[in-house]
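Beneath this line is the structure, given in structure tokens, with notes to follow.
Number of protein chains: 4
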Amino acid sequence: MSSKLIAIVAGVGAGTGASVARKFAASYPVVLMARKPENYEGLVNEINSSGGKAIGISTDVSDSKSVDNAAAQIKKEFGEDVAAAAAIFNASGFGRKPFLELTEEDFMNGFKVSGLGAFLFSKATLPLLLKGVDTGSKHPPTLIFTGATASIKGSANFAPFAAGKFAKRALSQSLAREFMPKGIHVSHVIVDGVIDIPRTKEWMQGAGPDAKMSPDAIADAYWNLHIQPRSTMTVELDVRPWVEKW
Amino acid sequence: MSSKLIAIVAGVGAGTGASVARKFAASYPVVLMARKPENYEGLVNEINSSGGKAIGISTDVSDSKSVDNAAAQIKKEFGEDVAAAAAIFNASGFGRKPFLELTEEDFMNGFKVSGLGAFLFSKATLPLLLKGVDTGSKHPPTLIFTGATASIKGSANFAPFAAGKFAKRALSQSLAREFMPKGIHVSHVIVDGVIDIPRTKEWMQGAGPDAKMSPDAIADAYWNLHIQPRSTMTVELDVRPWVEKW
Amino acid sequence: MSSKLIAIVAGVGAGTGASVARKFAASYPVVLMARKPENYEGLVNEINSSGGKAIGISTDVSDSKSVDNAAAQIKKEFGEDVAAAAAIFNASGFGRKPFLELTEEDFMNGFKVSGLGAFLFSKATLPLLLKGVDTGSKHPPTLIFTGATASIKGSANFAPFAAGKFAKRALSQSLAREFMPKGIHVSHVIVDGVIDIPRTKEWMQGAGPDAKMSPDAIADAYWNLHIQPRSTMTVELDVRPWVEKW
Amino acid sequence: MSSKLIAIVAGVGAGTGASVARKFAASYPVVLMARKPENYEGLVNEINSSGGKAIGISTDVSDSKSVDNAAAQIKKEFGEDVAAAAAIFNASGFGRKPFLELTEEDFMNGFKVSGLGAFLFSKATLPLLLKGVDTGSKHPPTLIFTGATASIKGSANFAPFAAGKFAKRALSQSLAREFMPKGIHVSHVIVDGVIDIPRTKEWMQGAGPDAKMSPDAIADAYWNLHIQPRSTMTVELDVRPWVEKW
Numbered sequence: 112m113s114s115k116l117i118a119i120v121a122g123v124g125a126g127t128g129a130s131v132a133r134k135f136a137a138s139y140p141v142v143l144m145a146r147k148p149e150n151y152e153g154l155v156n157e158i159n160s161s162g163g164k165a166i167g168i169s170t171d172v173s174d175s176k177s178v179d180n181a182a183a184q185i186k187k188e189f190g191e192d193v194a195a196a197a198a199i200f201n202a203s204g205f206g207r208k209p210f211l212e213l214t215e216e217d218f219m220n221g222f223k224v225s226g227l228g229a230f231l232f233s234k235a236t237l238p239l240l241l242k243g244v245d246t247g248s249k250h251p252p253t254l255i256f257t258g259a260t261a262s263i264k265g266s267a268n269f270a271p272f273a274a275g276k277f278a279k280r281a282l283s284q285s286l287a288r289e290f291m292p293k294g295i296h297v298s299h300v301i302v303d304g305v306i307d308i309p310r311t312k313e314w315m316q317g318a319g320p321d322a323k324m325s326p327d328a329i330a331d332a333y334w335n336l337h338i339q340p341r342s343t344m345t346v347e348l349d350v351r352p353w354v355e356k357w
Numbered sequence: 112m113s114s115k116l117i118a119i120v121a122g123v124g125a126g127t128g129a130s131v132a133r134k135f136a137a138s139y140p141v142v143l144m145a146r147k148p149e150n151y152e153g154l155v156n157e158i159n160s161s162g163g164k165a166i167g168i169s170t171d172v173s174d175s176k177s178v179d180n181a182a183a184q185i186k187k188e189f190g191e192d193v194a195a196a197a198a199i200f201n202a203s204g205f206g207r208k209p210f211l212e213l214t215e216e217d218f219m220n221g222f223k224v225s226g227l228g229a230f231l232f233s234k235a236t237l238p239l240l241l242k243g244v245d246t247g248s249k250h251p252p253t254l255i256f257t258g259a260t261a262s263i264k265g266s267a268n269f270a271p272f273a274a275g276k277f278a279k280r281a282l283s284q285s286l287a288r289e290f291m292p293k294g295i296h297v298s299h300v301i302v303d304g305v306i307d308i309p310r311t312k313e314w315m316q317g318a319g320p321d322a323k324m325s326p327d328a329i330a331d332a333y334w335n336l337h338i339q340p341r342s343t344m345t346v347e348l349d350v351r352p353w354v355e356k357w
Numbered sequence: 112m113s114s115k116l117i118a119i120v121a122g123v124g125a126g127t128g129a130s131v132a133r134k135f136a137a138s139y140p141v142v143l144m145a146r147k148p149e150n151y152e153g154l155v156n157e158i159n160s161s162g163g164k165a166i167g168i169s170t171d172v173s174d175s176k177s178v179d180n181a182a183a184q185i186k187k188e189f190g191e192d193v194a195a196a197a198a199i200f201n202a203s204g205f206g207r208k209p210f211l212e213l214t215e216e217d218f219m220n221g222f223k224v225s226g227l228g229a230f231l232f233s234k235a236t237l238p239l240l241l242k243g244v245d246t247g248s249k250h251p252p253t254l255i256f257t258g259a260t261a262s263i264k265g266s267a268n269f270a271p272f273a274a275g276k277f278a279k280r281a282l283s284q285s286l287a288r289e290f291m292p293k294g295i296h297v298s299h300v301i302v303d304g305v306i307d308i309p310r311t312k313e314w315m316q317g318a319g320p321d322a323k324m325s326p327d328a329i330a331d332a333y334w335n336l337h338i339q340p341r342s343t344m345t346v347e348l349d350v351r352p353w354v355e356k357w
Numbered sequence: 112m113s114s115k116l117i118a119i120v121a122g123v124g125a126g127t128g129a130s131v132a133r134k135f136a137a138s139y140p141v142v143l144m145a146r147k148p149e150n151y152e153g154l155v156n157e158i159n160s161s162g163g164k165a166i167g168i169s170t171d172v173s174d175s176k177s178v179d180n181a182a183a184q185i186k187k188e189f190g191e192d193v194a195a196a197a198a199i200f201n202a203s204g205f206g207r208k209p210f211l212e213l214t215e216e217d218f219m220n221g222f223k224v225s226g227l228g229a230f231l232f233s234k235a236t237l238p239l240l241l242k243g244v245d246t247g248s249k250h251p252p253t254l255i256f257t258g259a260t261a262s263i264k265g266s267a268n269f270a271p272f273a274a275g276k277f278a279k280r281a282l283s284q285s286l287a288r289e290f291m292p293k294g295i296h297v298s299h300v301i302v303d304g305v306i307d308i309p310r311t312k313e314w315m316q317g318a319g320p321d322a323k324m325s326p327d328a329i330a331d332a333y334w335n336l337h338i339q340p341r342s343t344m345t346v347e348l349d350v351r352p353w354v355e356k357w
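Keeping their order, the protein sequence lines are chains Z, V, W and R.
So for the first sequence, my numbering puts the first residue at 112; every next one is plus one.
So for the second sequence, my numbering puts the first residue at 112; every next one is plus one.
So for the third sequence, my numbering puts the first residue at 112; every next one is plus one.
So for the fourth sequence, my numbering puts the first residue at 112; every next one is plus one.
Now the structure itself:
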């Protein structure tokens, strides 16, 4: 039980990723992954200066070398015996285009982050999560994927985005069935609504109060998944605002 | 904001219902409904003697007169201006029989508790939950239905049970879409596994530790639904043990 | 192989039921059930006068005595050894009302036709369908249920309708899993759109051509289910017009 | 209406693809695509020598150049104004491996045929299908994707296969919603069972008669999709043998 238990969050920006990182940082050293340092630097400083421990690693989750490099940096920082209590995959692309205007690259980009990225992230973190089981993590080590409405519905003009999101959910279900009997909690969360972040400030004006989702409340939902005992685990759930049609 | 906010739990026995009642009793006076007094008396005493407030009402949720009577008792006890912070419908029947041996009564019994019971309970509690919205409940007043695997899959020999459970989920979805924009959080929880209660003590021997679900952990999941803000609410989720195949 | 193979259609009116009856009447004597004689009389005459064989039976599918009586009339007409090649349950209620205005009767009415009716119809016809297996029906005897969007989605103000439709789908799945290994093909068809019948003549003006579903095309889909071999059977499908949003 | 209407089938081998090709060849000249000539040569000869018209094109559907080349060959053979009445994507990979043994290449291979291949095939055939609408195809031009149980369920050890199949279904739904209002019928068929082909001859011994699916019956189901009118189209269906558990 000497290994350090850490939490790893991929896809840290202004919204869910940052809130999840803050939430888990209250209990674990956290590793924040984002493509660009400006997406995590402020948060790393914030956590470190408020008594937590955080490092940031510039990572392109859809590039296996970049993910391997991130894994190496984690071991360098926390030791070869590092174990994970949680790994949260929150990275996502986006795209909307009439189908016949899509290039092969457009389609593959839709898949690269949500599909391949989720795969590479899982490959890199599952060994650490399994070590978390071995070293007696208080809560079952937890692997969480952020999904969207497009995880269960392919809408017009969203083929690449939906293909990636469906693939991520397939991966999540497959991992749940393979790794839950090994003690790892695997969950997929469908986030259906606009998240309240600076970029969406002007959106949904006139929809009334609380029409946009709170990233902190999403982070609470993720934390609540983490602390479920292995006898009673949630595998799939949705979160949506009270005013959302669905 | 002078009205009392209470929590109402239907289907209190040895498992989920009792744990949910204990959990919500830490924050609200609770009303416990069960068909027979022996199902709630001990728990009512336990809660009242440990600083909480509980009353029990013998109720057949599938009988409108019995449900009306329960509603009247609630008003008598807590006042005409009583409001609800939470209403949890945990009642359930069960049944397994080759289809051609089923009587009309068998089939209707499968529907009566899960379908009609859920309807009557909703009719009785939604006005109190709406009053909870008006009186400024800290958390969105919450209506939760306990479901099962049979809520989404009709298995051989389970026609009445599945028909009732499917109907309950239909009701839950319809109420979510009608009442969430009015401020009420409506959720449906699929409980997929054996619950660890005295009656199941001998079950699943040899399945290893934690193979049965913890009713307290289920109650935690229900409470976590209750405290979600209206901007970020979960409508459907599952809970299952780590060893369950699905 | 001396028994007569018949087809039984419940819910014969101006739309799907009538088209299905005509389609199956080209191959089998047909029994048409509807609440009121005016719903089947014209069609019975039409089929009988064009070389087919049809009888109509006034039946309330939600009343077990009425269904028992219909079963007795079938045996009286076709002999004790009558067997069925197909039984199609196309009866449906409808209803739309704010939840708090619903009476217990409203809710039960939503369930009575779609849920209880489907149960009673299945109880009455499955023995005849099993006899169809024994007597060497060319095509696997087929039990088909007509569903709707409300079979898989509970919309606001549609609680009773959705509860009944969900229950019918639960029943259909349960019967498929119990009776397909006995040689009976059980299917559930989600009909998602407005059907082109006299009553809907003024609907969807301006939606362009072919915006309403053809009852004859639905009947073709039902017939195509019937003629599938037991090695290759469809259990669930949808039909919808090209312009429908879903 | 001078353009030739053809049918294009990708993934022609011993099973579904060949049966579908034969079925559609009775009404249209057919283009058969497979990776290797030996997969289509015999069938091309069979169709051409029995009064039909077929050409085979060696195609790797996951390689855009190969698909572009196939499209060019189709125009060379049938003229620049060639239009399609049907395009059927039946290509599939397979793979089963514990997750931690999977390489990036394994994962991408799972996606390449089912995901990228379906995308490239759709890109190449949709313009021909749209031309089929313009030129008055008797039946709505039809784009059909062959799916599997893994299209809706991610099982342990099947992450790449399920990710590809989920992605294909996402694509199919997205195309249905974008192109059905333009007159193209898009369907996704879940084939759940073992198909009766030479390669599976020894499988499922002892499961009794008709335990394996008939490729000809699957082809009938595809044809029946094709001839549905645009007012009444099936978007998703399953086919399974009578003995299959699901």
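All residues carry an ideal CB built from backbone N, CA and C; glycine is no exception.
Legend entry - Neighbour flag for residue 212 of chain V against chain W, beta carbons, 8 Å: Residue 212 of chain V does not count as touching chain W.
Inset, instruction - Could you name the residues that DSSP lists as bridge partners for residue 348 of chain R? - result: As a beta-bridge residue in DSSP terms, residue 348 of chain R pairs with W/348 and R/300.
Inset, instruction - Evaluate the contact criterion for the region 132 to 139 of chain V versus the region 323 to 334 of chain V: three or more CB pairs, one atom per stretch, below 8 Å. - result: Yes, they touch.
Inset, instruction - Determine, using beta carbons only, whether residue 155 of chain Z comes closer than 8 Å to chain V. - result: When Cβ-Cβ separations below 8 Å define contact, residue 155 of chain Z makes no contact with chain V.
Legend entry - Neighbour-count burial assignment, residue 285 of chain W, 16 or more Cβ in a 10 Å radius: Within 10 angstroms of the beta-carbon of residue 285 of chain W lie 16 or more other beta-carbons, which makes it buried.
Legend entry - For residue 162 of chain V, the nearest candidate out of V/180, V/150 and V/140 (CA to CA): By alpha-carbon distance to residue 162 of chain V, the top candidate from V/180, V/150 and V/140 is V/140.
Legend entry - Three-state class that DSSP yields for residue 221 of chain R in the structure shown: Secondary structure at residue 221 of chain R: helix, using DSSP grouped into helix, strand and coil.
Inset, instruction - From the DSSP output, in three-state form, read off residue 253 of chain R for me. - result: It is a strand residue.
Legend entry - DSSP beta-bridge partners of residue 258 of chain Z: Paired residues: Z/301.
Legend entry - Residue range of the unbroken alpha helix (DSSP H) whose run includes residue 128 of chain Z: 127 to 136 is the span of the alpha helix (DSSP H), which, as asked, contains residue 128 of chain Z.
Inset, instruction - Compute the distance between the beta-carbons of residue 220 of chain W and residue 243 of chain W, then report whether it is under 8 Å. - result: Taking 8 Å as the Cβ cut-off, residue 220 of chain W and residue 243 of chain W do not qualify as a contacting pair.
Legend entry - residue 158 of chain V in three-state terms, based on DSSP: The answer is helix: DSSP assigns residue 158 of chain V an H, G or I state.
Legend entry - Cutoff 7 Å; reference residue 171 of chain V; Cβ partners in own chain excluding five residues on either side: Cβ within range, chain order: 146 and 177.
Legend entry - Cβ pair count under 8 Å reaching 3, the region 148 to 161 of chain R against the region 199 to 213 of chain R: Counting Cβ pairs under 8 Å, fewer than three are found: no touch.
Inset, instruction - Could you please give the first and the last residue of the uninterrupted alpha helix (DSSP H) stretch that includes residue 185 of chain W? - result: Looking at the DSSP string, the run of the alpha helix (DSSP H) that includes residue 185 of chain W is 175 to 189.
Legend entry - Contact set between residue 324 of chain V and chain Z, taken where Cβ atoms lie within less than 8 Å: For residue 324 of chain V, the neighbours in chain Z by C-beta distance under 8 Å run, in chain order, 342 and 343.
Inset, instruction - Give the DSSP-derived three-state secondary structure of residue 168 of chain W in the structure shown. - result: Three-state DSSP puts residue 168 of chain W in a strand.
Legend entry - Environment of residue 352 of chain Z [buried if 16+ CB atoms lie within 10 Å]: Looking at its Cβ environment, which holds 16 or more other Cβ atoms inside 10 Å, residue 352 of chain Z is buried.
Inset, instruction - Specify the secondary structure class of residue 269 of chain W as computed by DSSP and reduced to three states. - result: Reduced to three states, the DSSP call for residue 269 of chain W is coil.
Legend entry - Boundaries (first-last residue) of the beta strand (DSSP E) holding residue 143 of chain V: Per DSSP, residue 143 of chain V belongs to the beta strand (DSSP E) from 141 to 145.
Inset, instruction - Could you check if residue 278 of chain V is buried or exposed, using at least 16 other CB atoms within 10 Å of its CB as the buried criterion? - result: Buried, by the Cβ-count rule.
Legend entry - Any chain Z beta carbon closer than 8 Å to residue 201 of chain V: No - not a single Cβ of chain Z is within 8 Å of the one on residue 201 of chain V.
Inset, instruction - Please say whether residue 355 of chain R and residue 307 of chain R have beta carbons closer to each other than 8 Å? - result: Taking 8 Å as the cut-off, the beta carbon of residue 307 of chain R is found no closer than this to the beta carbon of residue 355 of chain R.
Legend entry - Within 8 Å of chain V by C-beta, residues of the region 212 to 229 of chain W in sequence order: Going along the region 212 to 229 of chain W in chain order, one finds 213, 215, 218, 219, 222, 226 and 227 with a Cβ nearer than 8 Å to chain V.
Inset, instruction - Taking C-beta pairs closer than 8 Å, name the residues in chain V that residue 321 of chain Z reaches, listed in chain order. - result: Against chain V, a Cβ distance below 8 Å from residue 321 of chain Z picks out 340, 341 and 342.
Inset, instruction - Output the boundary residues of the alpha helix (DSSP H) element that contains residue 116 of chain V. - result: Unbroken run through residue 116 of chain V is the beta strand (DSSP E), 116 to 121; no alpha helix (DSSP H).
Inset, instruction - Would you please state the rounded distance, in angstroms, between the beta carbons of residue 266 of chain W and residue 288 of chain V? I believe it to be under 8 Å. - result: A Cβ-Cβ distance of about 6 Å is found for the pair residue 266 of chain W and residue 288 of chain V, placing them in contact under the 8 Å criterion.
Legend entry - Exposure label - residue 347 of chain Z; buried when at least 16 CB within 10 Å: Per the 10 Å Cβ criterion, buried.
Legend entry - Beta bridge counterpart(s) of residue 324 of chain V as assigned by DSSP: Paired residues: V/306.
Legend entry - Supposed contact pair residue 280 of chain R and residue 294 of chain R - C-beta distance, whole angstroms, cut 8 Å: About 22 Å; that fails the 8 Å criterion.
Inset, instruction - Kindly indicate the opening and closing residues of the alpha helix (DSSP H) around residue 230 of chain Z. - result: Boundaries of the alpha helix (DSSP H) harbouring residue 230 of chain Z: 229 to 245, taken from the DSSP string.
Legend entry - Endpoints, the beta strand (DSSP E) within which residue 263 of chain Z is located: Here residue 263 of chain Z belongs to no beta strand (DSSP E), and DSSP marks it neither H nor E.
Legend entry - Beta-carbon contacts of residue 113 of chain W that lie in its chain and below 6 Å, excluding the five residues immediately before and after: Note on residue 113 of chain W: pLDDT 44, under 50, position unreliable in the model; no value is reported.
Inset, instruction - Check the Cβ-Cβ distances between residue 159 of chain V and every residue of chain W, and say whether any is below 8 Å. - result: Chain W, which has no Cβ nearer than 8 Å to the Cβ of residue 159 of chain V, makes this no.
Legend entry - Identity of the residues DSSP links to residue 200 of chain R by a beta bridge: BP columns for residue 200 of chain R point to R/121 and R/256.
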